[in-house]
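Listed in order, the protein sequences are those of chains S and C.
With the first sequence counted from 1, adding 141 to any position gets you the numbering used here.
With the second sequence counted from 1, adding 40 to any position gets you the numbering used here.
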Amino acid sequence: MIMIRLENASKTYQTRHGQVRALDRVSLHINEGEFVVVRGPSGSGKTTLLLSIGGMLRPSEGQVLIKNSDIYAMSKKQRARFRAENIGFVFQLFHLVPYLNIIENVLLPVGVGRSQYGQLDAKKLVDRLKLMERMFHKPAELSAGEKQRTAIARAMLKNPKIILADEPTGNLDPENSEEIIGHLAEFHSIGGTVIVVTHGKAVDQYADRVVYLKKGHIDEP
Amino acid sequence: MTTFRLILKEMLQRKLNFLLSLLAVVIAAALFVSFFTAGEASKNETIRLMRDIGFNLRIIPEKTNMEKFWQRGYSEYTMPESYVNELASYEGISYAHITAILQKKVIWRDREIFLTGIAPELSPPGKKKTPMIFSIERGNAYIGFEIAQSLGLGKGDIIEIFGKTFTVAHSLSESGSKDDIRIYAHLYDVQGLLKIENRINEIKALQCLCIEYNTHTNSLSMLREQLAKILPDAKVILIQNIASARENQRIMAERYFGFIIPFIVIVCMSWIGILAMLNVRERRQEIGIMQALGYSSSKIGALFLGKAVLIGLIGAVVGFGIGTGLALKFGPAIFKVTANMITPQIKLLYWAVIVSPAVCALSVFIPSMIAVSQDPAITLREE
Numbered sequence: 142m143i144m145i146r147l148e149n150a151s152k153t154y155q156t157r158h159g160q161v162r163a164l165d166r167v168s169l170h171i172n173e174g175e176f177v178v179v180r181g182p183s184g185s186g187k188t189t190l191l192l193s194i195g196g197m198l199r200p201s202e203g204q205v206l207i208k209n210s211d212i213y214a215m216s217k218k219q220r221a222r223f224r225a226e227n228i229g230f231v232f233q234l235f236h237l238v239p240y241l242n243i244i245e246n247v248l249l250p251v252g253v254g255r256s257q258y259g260q261l262d263a264k265k266l267v268d269r270l271k272l273m274e275r276m277f278h279k280p281a282e283l284s285a286g287e288k289q290r291t292a293i294a295r296a297m298l299k300n301p302k303i304i305l306a307d308e309p310t311g312n313l314d315p316e317n318s319e320e321i322i323g324h325l326a327e328f329h330s331i332g333g334t335v336i337v338v339t340h341g342k343a344v345d346q347y348a349d350r351v352v353y354l355k356k357g358h359i360d361e362p
Numbered sequence: 041m042t043t044f045r046l047i048l049k050e051m052l053q054r055k056l057n058f059l060l061s062l063l064a065v066v067i068a069a070a071l072f073v074s075f076f077t078a079g080e081a082s083k084n085e086t087i088r089l090m091r092d093i094g095f096n097l098r099i100i101p102e103k104t105n106m107e108k109f110w111q112r113g114y115s116e117y118t119m120p121e122s123y124v125n126e127l128a129s130y131e132g133i134s135y136a137h138i139t140a141i142l143q144k145k146v147i148w149r150d151r152e153i154f155l156t157g158i159a160p161e162l163s164p165p166g167k168k169k170t171p172m173i174f175s176i177e178r179g180n181a182y183i184g185f186e187i188a189q190s191l192g193l194g195k196g197d198i199i200e201i202f203g204k205t206f207t208v209a210h211s212l213s214e215s216g217s218k219d220d221i222r223i224y225a226h227l228y229d230v231q232g233l234l235k236i237e238n239r240i241n242e243i244k245a246l247q248c249l250c251i252e253y254n255t256h257t258n259s260l261s262m263l264r265e266q267l268a269k270i271l272p273d274a275k276v277i278l279i280q281n282i283a284s285a286r287e288n289q290r291i292m293a294e295r296y297f298g299f300i301i302p303f304i305v306i307v308c309m310s311w312i313g314i315l316a317m318l319n320v321r322e323r324r325q326e327i328g329i330m331q332a333l334g335y336s337s338s339k340i341g342a343l344f345l346g347k348a349v350l351i352g353l354i355g356a357v358v359g360f361g362i363g364t365g366l367a368l369k370f371g372p373a374i375f376k377v378t379a380n381m382i383t384p385q386i387k388l389l390y391w392a393v394i395v396s397p398a399v400c401a402l403s404v405f406i407p408s409m410i411a412v413s414q415d416p417a418i419t420l421r422e423e
């Protein structure tokens, strides 16, 4: 079953130096439970593709459908709710909230709408990601690996259908990178759909498919 | 995690921003409260001081046609001379000076003059006061400046008025008013000249007050009510320049507060707004991740507006405490008469906890709108 469908999606940015076409009529189908790696040189449009799929960057042209719903046909509020229920994000810079400790950061998605998930689910995840001892520490007191594991726990808390990861190992040493990829693979193994944007090749072993982007085009190998 | 908890956590994390914002609110609220607490004392002090000055009144016969009164400068009717004694002996009012007057425009030496008879001033029992209006002995006359100049009269000259001889006891200096064509004599002498025995047409009462003072009633109205009881055939006119001065002082005080308070509020609003803008800039990525996690614009806006409201509430309470403390400490030295009237004004606390959060929310409205409208796709890609 197709989970994500991009139909001739293009994205053009207006910069001081003129227009930049980050995505150029990209069509891409990703099945439910698929692990896709998106790779390409810097400026090839990888992050733009990921944010467009995540409902955070409206394409200039074309459509993005998730579970057959055109997410950009939704209102901003509906899209925010849809994102909260279906998509988890992991970023290279972790983007943890600095004044919240680990467990509070993991619980952050619970603040959106009515949620069946709570403290107990967060603690289970924290335990699974080996953060139990650091549960009440704030991000400034954590290592890079711990921060990224916290970000993964936060992405997984509401049991999303999709995890979108933008260079999740970009700031990590090989050992931590492997651990993070392992957690993403674990999510995939229980039926989750994973899209990882990365320069690294370590993740390829878990991928069902690798998509190459070049100057905003999909460049199938 | 509730919005309130997120706000609290953020405030504790970024203490400097919180404390500076709080300081702005506390300063504004403290100034507001201290001004109004002391201002209330100032108002009471003004009332007391004015009350102690008393009213300068003209008491004239009830039937007086006021148009003619203002044209002529005196009443064409008379009232019993005994009124002045009744007024002086009435215990319901206090006064500094009371005098009875009989005056009339007459032709003397081919010119119109005001012949004015003045009785010796009455002072309150046991309080001998310097006369406010001169006291004239019988057989003497005081001559207005214009009359003295045109007739070449001076002190010691003998004049005859309607067959009665008077000695010029004093030649008055120029007043620039009708007094320059006035001849003053003792009341009894003038009553005899005008053949109006035991009658007067005006009582001047200076610094006249009711003994019982009710703060909830206009003191002039009270005084008029009191006088109506003893002088039923008389009416009371307030000498207007005192009333005008009083009104002008009140308006001036209101304008002063009207200028200073908005000025303070605008400065503090700008201060809070700038701090909120810096706070939004500092939290760009946090806002971005919240948007990515599905937080709606209203929820993100609520984080900033809620913080402002909370700061406003805390600032209002702290500001009220400090403002009241300042007023209590320094107010008595400024307003000595009403020092004991400087008390905490609880109604100002109610106002502060309503107005202060509202003003804070208004101050951070634009920064909040900027926060909710920022593009998460841009902020989350920034390194």
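Each residue gets a CB set at the ideal place from its N, CA and C atoms; glycine is no exception.
Keep in mind the model is a prediction, meaning the values are calculated, not measured.
- Message: DSSP three-state label for D211(S), please.
- Response: Reduced to three states, the DSSP call for D211(S) is strand.
- Item | Test item: CB-CB of T334(S) and G174(S) under 8 Å | Cβ distance < 8 Å, so T334(S) and G174(S) count as in contact.
- Item | F344(C) to M142(S) span [Cα, whole Å] | One Cα belongs to F344(C), the other to M142(S), and the distance between them is close to 42 Å.
- Query: T104(C) and R239(C) look like a contact to me (Cβ under 8 Å); what is the Cβ gap, rounded to whole Å?
  - Reply: Actually they are not in contact, since the Cβ atoms of T104(C) and R239(C) sit about 14 Å apart, beyond 8 Å.
- Item | Proximal residues to M409(C) (C-beta, below 8 Å), its chain only, five neighbours per side dropped | Only G341 meet the Cβ criterion.
- Task: Could you tell me which of I270(C), W391(C) and N241(C) sits nearest to Y130(C), measuring between CA atoms?
- Result: Nearest Cα to Y130(C) within the set I270(C), W391(C) and N241(C): I270(C).
- Can you say whether R149(C) is buried or exposed, counting buried as having 16 or more other CB atoms within 10 angstroms of its CB? Exposed is the call here.
- Go ahead and label N149(S) buried or exposed: buried means 16 or more other beta carbons lie within 10 angstroms of its beta carbon, across all protein chains shown. Flag for N149(S) reads exposed.
- Message: So if I threshold CB-CB distances at 7 Å, which residues from the region 221-241 of chain S count as touching chain C?
- Response: If the cut-off is 7 Å between Cβ atoms, the region 221-241 of chain S has A221, R222, R224, A225, F230, F232, L234, H236, V238, P239, Y240 and L241 near chain C.
- Task: Classify R151(C) as buried or exposed, calling it buried when 16 or more other Cβ atoms lie within 10 Å of its own Cβ.
- Result: Exposed: under 16 other Cβ atoms inside 10 Å.
- Task: May I ask you to list the residues that DSSP assigns as paired with T153(S)?
- Result: T153(S) is bridged to R162(S).
- Helix, strand or coil: how does DSSP classify Y114(C) here? The answer is coil: DSSP assigns Y114(C) none of H, G, I, E or B.
- Is K217(S) close to chain C, meaning its C-beta is less than 8 Å from at least one C-beta of that chain? By this cut-off, K217(S) is an interface position.
- Cβ shell of K275(C) (< 8 Å), same chain only, five flanking positions each side left out: For K275(C), same chain residues with a beta-carbon under 8 Å away, outside a window of 5 residues either side, are I99, I100, P101, E102 and T104 in chain order.
- Determine the direct distance from the alpha carbon of I374(C) to that of I47(C), and round the result to whole angstroms. Rounded to whole angstroms, I47(C) to I374(C) spans 42 Å at the Cα level.
- What residues match up with D307(S) in a beta bridge as DSSP calls it? F232(S) and V338(S).
- Does the region 176-196 of chain S come close enough to the region 298-307 of chain S to have 3 or more Cβ pairs within less than 8 Å? By the Cβ test, the region 176-196 of chain S is in contact with the region 298-307 of chain S, since at least three Cβ pairs between them sit closer than 8 Å.
- Query: Within the 8 Å Cβ cut-off, does P365(S) reach chain C?
  - Reply: For residue 365(S) there is no data in the structure shown, the boundaries of chain S being 142 and 362.
- Item | Rounded straight-line distance, which links the Cα of L333(C) to that of S201(S) | Those two C-alpha atoms are separated by around 23 Å.
- Query: M197(S) CB to nearest chain C CB: under 8 Å?
  - Reply: For M197(S), the answer is yes, since a Cβ of chain C falls inside 8 Å of its Cβ.
- Reduced DSSP category for F176(S) - H, G, I as helix; E, B as strand; rest coil: DSSP places F176(S) in the strand class (E or B) of the three-state scheme.
- Message: Taking the straight line between their C-alpha atoms, what separation do you get for V124(C) and A159(C)?
- Response: Distance between the alpha carbons of V124(C) and A159(C): 10 Å.
- Give every residue of the same chain whose Cβ lies closer than 6 Å to the Cβ of Q325(C), excluding the five residues on either side of it in the sequence, and list them in chain order. Contacts found: T419.
- Task: Going by CA-CA distance only, name the one from P416(C), G328(C), S396(C) and V404(C) that's closest to F72(C).
- Result: Of P416(C), G328(C), S396(C) and V404(C), the smallest CA-CA separation from F72(C) is found for S396(C).
- Message: Measuring straight from C-alpha to C-alpha, what distance separates K417(S) and A221(S)?
- Response: The question about residue 417(S) has no answer here: the residues shown for chain S are numbered 142 through 362.
- Would you say G361(C) reaches chain S, if we count a Cβ-Cβ gap shorter than 8 Å as a contact? For G361(C), no Cβ of chain S is located within less than 8 Å of the residue's own Cβ.
- Cβ distance (whole Å) where I176(C) is taken to contact K244(C) below 8 Å: Not really, about 14 Å apart at Cβ, beyond 8 Å.
- Task: Report yes if the CB atom of I312(C) is closer than 8 Å to the CB atom of S403(C), and no otherwise.
- Result: For I312(C) and S403(C), yes; Cβs fall inside 8 Å.
- Interface flag, E175(S) vs chain C, CB-CB below 8 Å: E175(S) does not count as touching chain C.
- Item | Near-chain C residues of the region 248-273 of chain S (beta-carbon distance less than 7 Å), N- to C-terminal order | Across the region 248-273 of chain S, CB contacts with chain C closer than 7 Å involve L248, L249, P250, V251, G252 and V253, in sequence order along the chain.
- Query: Can you list the residues of chain C that E245(S) reaches, using a CB-CB cut of under 7 Å?
  - Reply: Simply M41.
- Query: CB A292(S) to CB V205(S), shorter than 8 Å?
  - Reply: At least 8 Å separates the beta-carbon of A292(S) from that of V205(S).
- Query: Which residues bound the beta strand (DSSP E) around E200(C)?
  - Reply: Where E200(C) is concerned, the enclosing beta strand (DSSP E) stretches over I198 to I201.
- Whole-angstrom distance between A136(C) and L127(C), CA atom to CA atom: The alpha-carbon atoms of L127(C) and A136(C) are separated by roughly 12 Å.
- Query: Is the CB of G346(C) under 8 Å away from at least one CB in chain S?
  - Reply: Output row for G346(C): interface = no.
- What separation, rounded to the nearest whole angstrom, lies between the Cα atoms of A296(S) and N312(S)? Answer to the nearest angstrom: the Cα atoms are 18 Å apart.
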